[in-house]
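Q:
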Amino acid sequence: MHTNVSFYRRAHEALHDARLQGALDLATSRMVSARTTAFAAFPDGDAVRDHARRIRAHTLSRLDHYLDRFTENVEARGGHVFYAESGDQAVEYIRSLARSRHVRSIVKGKSMISEELELNRALEADGMTIVETDLGEYVIQIGNDHPSHIVAPIVHLTRHDVAALFKRTLGATDAEVADIGAMTALARRVLREAFLGADMGISGVNFAVAETGSVCLCTNEGNGRLTTSLPRIHVALMGIERIVPTLDDLGVMLQVLARSATGQKLTVYSNLLTGPRRSPGEPDGPEELHVVLVDNGRAEVLGGELAEILYCIRCGACLNVCPVYQEIGGHAYGTVYGGPIGSVLTPGLRGIVPFKDLPQASSLCGACREACPVRIDIPRMLVALRTQSVTESPAWLRAGMSVYTWLATRPAAFRLAGRVGGAMLRWRSRDGWIDRLPGPLKGWTSTRAFPAPPKRSFLAKWQAEHAGRPQPTGDGANSTAGPTGNTPKAGAQ
Amino acid sequence: MMTPEQRERMRTRIREKLSTAVLPGARPEHPGVLPLNTTAASADDLLDGFVREFTALTGIVHHATDAASAAAAIRSITPTPGPQSILAWSESALRVPGLYDALAAQGIGILPAHVPFSGPERTARLGELAAAQVGVTGALACLAESGSLVVEHGDGRGRLASLLVPVHIAIVRRSAVVRSLADVFRHRPDLTASTSNVVVITGPSRTADIEMTLTRGVHGPREIHVILM
Numbered sequence: 003m004h005t006n007v008s009f010y011r012r013a014h015e016a017l018h019d020a021r022l023q024g025a026l027d028l029a030t031s032r033m034v035s036a037r038t039t040a041f042a043a044f045p046d047g048d049a050v051r052d053h054a055r056r057i058r059a060h061t062l063s064r065l066d067h068y069l070d071r072f073t074e075n076v077e078a079r080g081g082h083v084f085y086a087e088s089g090d091q092a093v094e095y096i097r098s099l100a101r102s103r104h105v106r107s108i109v110k111g112k113s114m115i116s117e118e119l120e121l122n123r124a125l126e127a128d129g130m131t132i133v134e135t136d137l138g139e140y141v142i143q144i145g146n147d148h149p150s151h152i153v154a155p156i157v158h159l160t161r162h163d164v165a166a167l168f169k170r171t172l173g174a175t176d177a178e179v180a181d182i183g184a185m186t187a188l189a190r191r192v193l194r195e196a197f198l199g200a201d202m203g204i205s206g207v208n209f210a211v212a213e214t215g216s217v218c219l220c221t222n223e224g225n226g227r228l229t230t231s232l233p234r235i236h237v238a239l240m241g242i243e244r245i246v247p248t249l250d251d252l253g254v255m256l257q258v259l260a261r262s263a264t265g266q267k268l269t270v271y272s273n274l275l276t277g278p279r280r281s282p283g284e285p286d287g288p289e290e291l292h293v294v295l296v297d298n299g300r301a302e303v304l305g306g307e308l309a310e311i312l313y314c315i316r317c318g319a320c321l322n323v324c325p326v327y328q329e330i331g332g333h334a335y336g337t338v339y340g341g342p343i344g345s346v347l348t349p350g351l352r353g354i355v356p357f358k359d360l361p362q363a364s365s366l367c368g369a370c371r372e373a374c375p376v377r378i379d380i381p382r383m384l385v386a387l388r389t390q391s392v393t394e395s396p397a398w399l400r401a402g403m404s405v406y407t408w409l410a411t412r413p414a415a416f417r418l419a420g421r422v423g424g425a426m427l428r429w430r431s432r433d434g435w436i437d438r439l440p441g442p443l444k445g446w447t448s449t450r451a452f453p454a455p456p457k458r459s460f461l462a463k464w465q466a467e468h469a470g471r472p473q474p475t476g477d478g479a480n481s482t483a484g485p486t487g488n489t490p491k492a493g494a495q
Numbered sequence: 017m018m019t020p021e022q023r024e025r026m027r028t029r030i031r032e033k034l035s036t037a038v039l040p041g042a043r044p045e046h047p048g049v050l051p052l053n054t055t056a057a058s059a060d061d062l063l064d065g066f067v068r069e070f071t072a073l074t075g076i077v078h079h080a081t082d083a084a085s086a087a088a089a090i091r092s093i094t095p096t097p098g099p100q101s102i103l104a105w106s107e108s109a110l111r112v113p114g115l116y117d118a119l120a121a122q123g124i125g126i127l128p129a130h131v132p133f134s135g136p137e138r139t140a141r142l143g144e145l146a147a148a149q150v151g152v153t154g155a156l157a158c159l160a161e162s163g164s165l166v167v168e169h170g171d172g173r174g175r176l177a178s179l180l181v182p183v184h185i186a187i188v189r190r191s192a193v194v195r196s197l198a199d200v201f202r203h204r205p206d207l208t209a210s211t212s213n214v215v216v217i218t219g220p221s222r223t224a225d226i227e228m229t230l231t232r233g234v235h236g237p238r239e240i241h242v243i244l245m
C-alpha cells in the first residue's frame with residue numbers, strides 16, 4: 003500500500019487531523035495503561051520476558067532445524083506444507099488450491115501477512131468472494147480502508163464513522179447502528195452467514211509449534227475459531243519466523259503476548275490446531291489443512307544485522323508507547339506494518355531506498371525497546387538503517403556526508419568551518435534570529451526559528467575561561483567544573 | 017506434501033542466511049523451561065482462585081452433584097423457555113452418566129453433532145446447529161491463574177458446542193483445577209496427539225475494535241458458565 007505521497011506529507015496531514023489526534027490519544031493511552039497494569043500484576047514478569055526472548059533468539063538461530071521438524075509433524079498429522087519464497091508464490095499456491103477445490107466463498111481471520119501479500123485482491127480477481135471476519139478488519143474491508151494498528155485496526159475511526167459505513171454499505175437501519183452493541187450484533191449476523199456458507203477459511207498464525215506440528219491462533223472475538231472450524235479447507239498463512247520449539251515454549255509466549263497486546267492474562271481464544279479433522283471420530287473441523295510458510299524477504303532479513311526484528315511476536319506494544327506513532331498513527335507510515343517495528347521490518351523486507359524516511363521517524367528514545375515483551379533493540383536497528391540509507395542515498399548526499407566526515411575528524415578544519423558557517427548564518431539572521439533557510443535546509447526552519455550563533459563559539463569561550471586551569475580528566479571533570487565555571491553563562495548565550 | 021526438492025531449497029536458503037545472521041542473545045542449546053510455581057496451594061485455594069478469575073471475566077459458576085442437578089442447572093441457564101434442542105458433547109465425553117435422559121426430562125434434546133464435508137446434508141446440519149442457543153462441553157482443565165478453561169476436542173467432543181452458540185456451559189470436576197497453562201503443557205506434552213484441536217478459553221467472546229469499547233458475544237458465546245461437579 004506504499005503510495006507516492008511522501009511520509010512527511012502523510013505525517014503532516016495526520017498531525018492536523020484533530021479527530022485522529024483524539025482517537026490516537028484515547029487508544030494508545032488505554033493500551034499503554036492496560037499493558038503496564040497487566041505486567042505490574044505479573045509475578046516474575048521480567049523473568050518470563052527474558053525467557054521468551056531466549057526462546058525467540060534460540061529458535062531463529064536454528065530455524066532450518068525447527069522448520070524441518072514442524073513440516074514433518076504437520077505432514078504426519080495429515081496436513082500439507084508449502085514453502086513460498088516470494089509473496090507471489092504464496093498467492094499462486096492459494097489461488098490454484100481454491101480453483102482446484104471449486105471454492106467460491108472464503109472467510110478470513112485477521113492476518114498481517116495476508117495484507118503483505120495483497121491476497122484478497124488476487125482472489126477477488128478470480129471471482130471468489132472473500133470476507134474479512136475480524137470486526138475491525140471487516141469494517142476496513144467494506145470501507146475500502148487500511149488497518150492503522152497491528153492489534154486494533156480501526157483505532158482511527160469513531161462509532162459514527164462505523165455507523166455511517168454500515169448504513170451505506172449494508173443498508174443498516176437506525177436501530178441497527180444505534181450504539182456499539184447494536185453494530186456488533188449486526189456484524190455478527192452478517193458474518194455468521196458468511197461463515198456458514200464458506201468453502202475455505204484463511205487464517206494467520208501467531209505461533210507454530212515445531213515438536214507437535216500445531217499452529218496456534220489467538221483471537222478475542224472467536225472469528226479465528228470459526229474460520230478454522232467451519233469451512234472444509236483451512237489455509238494457515240505464516241511467516242517462516244513464527245516457530246517455537248515446544249508446547250511449553252508456546253505457553254510462555256501466550257502469556258507475554260496477551261499481556262503486551264491488550265493487558266489480558268490470556269487472549270480469549272488461544273486456539274491450537276494440529277492437522278485437519280480426524281475422521282471418523284471427530285464431528286467437526288476442516289477436511290484439509292494447508293500451512294503456507296511465507297518467506298517473502300524474511301530469510302534476507304535473517305542473514306543480516308536486522309535479524310533481531312524477527313523475534314517480534316506482533317503484540318503492538320511498541321506502537322502504543324512510541325511518541326511518533328502516538329502523534330501520527332499507523333496510516334502515515336504508508337506500509338502494512340506501522341510504528342517502530344514496521345520502521346525496521348519494512349525496509350528489511352523490501353529494501354531501504356523507498357522507505358528511507360521510516361527509520362528517521364524516531365527520536366531513538368528507547369520506549370519501544372522498554373515495552374517490547376522480548377526486548378528487541380529497535381533503536382539499534384533504526385541507527386543501522388540510517389547508516390545504510392546514507393550509503394544508498396543519492397550522490398549529492400553522500401558527497402555532503404563525506405565532506406562532513408572529513409571536517410569532523412580534523413579539529414582545525416572543523417573550527418574554521420564553524421567560523422565560516424557562523425558568519426554566514428549571522429549574515430542571514432534578522433534581529434538575532436534565523437527564521438528562513440534556503441533550498442534543502444528549509445525544513446529546519448518551517449516550524450521554528452533558531453537563534454543566530456554568537457560571534458565567539460562555545461569552544462573559544464571555554465578555552466579562554468579555562469586558560470591556565472588544570473584540564474578536567476576523566477571522572478574528575480565534576481570537581482574542576484565548579485559553580486563558577488560553566489553552565490549559567492553557556493545557557494545565557 | 018512438500019516435495020523433497022522444495023524442502024531442500026528452504027533448508028539451504030535458511031542455512032546460508034544463518035551463517036551471517038546477527039542474533040543477540042541466541043544460544044545453540046534450547047533455553048529449557050522456567051521452574052513451575054510450586055508454592056503449596058490446596059485444592060480449595062486453586063478452586064477459589066479459578067472462581068475469582070472466572071467470575072471477573074463475567075463467567076458464572078453453578079454447582080451440581082448428579083445428572084439431575086446438572087440438567088436442572090442447564091435448564092435454568094437456557095435463555096428461552098420450552099422444549100428445545102442444544103449442542104452437547106457425547107454423554108461419555110461429559111462423564112455425567114444419565115445426563116441426556118435427565119435433560120430430556122427437562123424438555124431439552126441433543127442435536128446430532130456431525131458436520132458432513134459437503135452436500136445438502138451439510139447445509140441442513142449447519143442450519144440446525146446455528147439455531148441452537150446453548151452448547152454443553154467438558155473441560156480438560158480449569159486454570160486458577162487466569163480463569164481459563166482448557167477444552168480438548170476430539171471423538172464425541174465437537175468444537176462447535178463451545179463456539180457457535182450464544183451460551184456456552186462447561187461441566188467440570190473440581191479436581192480439574194490447576195494453577196496455570198504451564199502446568200497443563202508440562203504434564204500433558206502429548207496433548208495434541210489425540211485431537212486436532214485444543215482451545216484455551218478465557219472469558220466470553222469479545223471485541224474492543226470500535227472506540228476501544230468492550231462488547232461481548234461478537235462471534236462466539238456472549239455468556240460462559242461452569243457447572244462444578
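If you read the protein sequences in the order shown, they are chains A and B.
The working numbering puts the last residue of the first sequence at 495; the count rises by one with no breaks.
The working numbering puts the last residue of the second sequence at 245; the count rises by one with no breaks.
Think of the CB as a built atom: it goes at the ideal place given N, C-alpha and C, for glycine as much as any other residue.
Assign Ser367(A) to one of two classes, buried (16 or more other C-beta atoms within 10 Å of its C-beta) or exposed (fewer than that).
A: Contrary to the premise, residue 367(A) reads as Cys rather than Ser in this sequence. Cys367(A) should be labelled exposed.
Q: Give the interface partners of Ala129(B) over in chain A, defined as CB-CB distance under 8 Å, in chain order.
A: Pro285 and Asp286
Q: Quick one, are the C-beta atoms of Ser162(B) and Lys267(A) less than 8 Å apart?
A: yes
Q: Among the residues of its own chain, which have a CB less than 7 Å from the CB of Arg175(B), if the five just before and after it don't count?
A: His169 and Asn213
Q: Taking 8 Å as the CB-CB limit, is Ala414(A) close to chain B?
A: no
Q: At the level of alpha carbons, what is the spacing between Ser231(A) and Pro136(B)?
A: 18 Å
Q: Per DSSP, which one or two residues make a beta bridge with Cys158(B)?
A: BP columns for Cys158(B) point to Leu165(B) and Val193(B).
Q: For Thr39(A), which residues of its own chain have a beta-carbon under 8 Å away from its beta-carbon, when the five flanking residues on both sides are left out?
A: Gly265
Q: Answer yes or no: does any C-beta atom of chain B fall closer than 8 Å to that of Thr30(A)?
A: no
Q: Can you look up Lys112(A) in the DSSP assignment and give me helix, strand or coil?
A: Residue state, collapsed to three classes: coil.
Q: So does the region 192-201 of chain B actually touch the region 197-216 of chain A, counting three or more Cβ pairs closer than 8 Å?
A: no
Q: With H, G and I counted as helix, E and B as strand and the rest as coil, what does DSSP make of Ala210(A)?
A: Ala210(A) falls in the strand class under three-state DSSP.
Q: I'd like the span of the beta strand (DSSP E) that includes Met245(B), first residue to last.
A: Careful: Met245(B) lies outside any beta strand (DSSP E) and carries neither H nor E.
Q: Just verifying my parser: in three-state terms, what is the DSSP assignment at Val105(A)?
A: Under the three-state reduction of DSSP, Val105(A) is assigned to coil, being neither helix nor strand.
Q: Quick one, which residues of the region 266-283 of chain A are near chain B if we go by CB-CB under 8 Å, in chain order?
A: Answer in chain order: Gln266, Lys267, Leu268, Thr269, Val270, Tyr271, Ser272, Asn273, Leu274, Leu275, Thr276, Gly277, Pro278, Arg279, Arg280 and Gly283.
Q: Determine the closest residue to Pro182(B) out of Arg189(B), Val152(B), Leu165(B) and Gly172(B), with distance taken between C-alpha atoms.
A: Val152(B)
Q: Residues of chain A with a CB under 8 Å from the CB of Gly246(B): which are they?
A: Within the shown structure, residues of chain B are numbered from 17 to 245, placing residue 246(B) beyond reach of any answer.
Q: Could you name each continuous alpha helix (DSSP H) segment of 4 residues or more that falls completely within the region 394-477 of chain A, going from the start of the chain to the end?
A: 397-410, 413-430 and 460-467
Q: Is the shortest distance between the beta-carbon of Phe84(A) and the beta-carbons of chain B less than 8 Å?
A: yes
Q: Would you check if there are 3 or more beta carbon pairs closer than 8 Å linking the region 112-122 of chain B to the region 66-78 of chain B?
A: no
Q: Is the region 218-226 of chain A touching the region 102-116 of chain A in the sense that three or more CB pairs, one from each, lie closer than 8 Å?
A: yes
Q: According to DSSP, Val498(A) sits in a beta bridge with which residue or residues?
A: In the structure as shown, chain A begins at 3 and stops at 495. Residue 498(A) is therefore absent and cannot be evaluated.
Q: For Asn213(B), which three-state DSSP category applies?
A: strand
Q: Using DSSP bridges, identify the partner residues of Arg222(B).
A: Arg232(B)
Q: Which partner residues of Asn273(A) appear in the DSSP bridge assignment?
A: Leu219(A) and Val215(B)
Q: Take Val105(A) as the anchor and find which of Ala92(A), Met130(A), Glu87(A) and Asn122(A) has the nearest alpha-carbon.
A: Met130(A)
Q: Is it right to say Gly484(A) is buried, meaning 16 or more other beta carbons lie within 10 angstroms of its own, or is it exposed?
A: Confidence in Gly484(A) is poor, its pLDDT being 39 and thus under 50, which makes the residue's placement unreliable; the coordinate value appears in the next sentence. Result: exposed.
Q: Suppose contacts are defined by Cβ-Cβ distances below 8 Å. Is Leu39(B) in contact with Ser63(A) by that definition?
A: yes
Q: For chain D, check one thing: does any of its Cβ atoms lie closer than 8 Å to the Cβ of Thr160(A)?
A: Among the protein chains of the structure shown, namely A and B, there is no chain D.
Q: Pull up the distance between the alpha-carbon of Leu13(B) and that of Ser431(A), whole angstroms please.
A: Chain B is shown only over 17 to 245; residue 13(B) falls outside these bounds and no answer can be derived.
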